[in-house]
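Chemist: First the structure, which I've put down as C-alpha cells, then a few questions once you've had a look.
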Amino acid sequence: MLKIIFWILFIIGFLLVIDRLLLYLEIKGWIYYRRKKPSSSALSNACLEVQQLLEPSKKHVVEIKKDEKRVQQEAGEPPQDVEGSK
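In this text, residue positions in the sequence shown follow the numbering used here: the first is 7, and each later residue adds one.
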C-alpha cells in the first residue's frame, strides 16, 4: 500500500515539474503551452514557408508578407484587420 502511495506522489511531482518546465519555455518564447495561444497568422506564415520550398513561384507572396510586417513594425501601427474596420 505504501508503494502505491509513493508512486502516486512521485507521478504528481513529476507532472508538476514538467508543467513548470513547459511554462518556463513558454515565457522564454520557445513554445506555446497554456498562457499564450498561437496566432493564425503564425500558422499561415509557416505554411507559406513550406510552400515556398516546394513551389518557388510562391516566394513573392512570402516576401510581400514580410515586407508588410516590417513596415507596420517600423511605423508602430497595430496590425490591420483583414476584413476591414467594423
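Idealized CB from N, CA, C, for every residue including glycine.
In whole angstroms, give me the CA-to-CA distance for K92 and K71.
Modeler: Reliability of the predicted coordinates at K92 is poor, the pLDDT of 45 falling under 50, and the value obtained from them is presented with this limitation in mind. Cα to Cα, K92 sits roughly 23 angstroms from K71.
Chemist: Measure the C-alpha to C-alpha separation of W36 and L28 and round it to an integer number of angstroms.
Modeler: Looking at the two C-alpha atoms, the distance is approximately 9 angstroms.
Chemist: Taking the Cβ atom as the reference point for each residue, do V67 and L54 lie within a distance shorter than 8 angstroms?
Modeler: Going by C-beta atoms, V67 is nearer than 8 angstroms to L54.
Chemist: Grab the span of the alpha helix (DSSP H) containing Y39 for me, first residue to last.
Modeler: Element bounds for Y39: n/a, residue is neither H nor E.
Chemist: DSSP on E61, reduced to helix/strand/coil?
Modeler: Coil, per DSSP.
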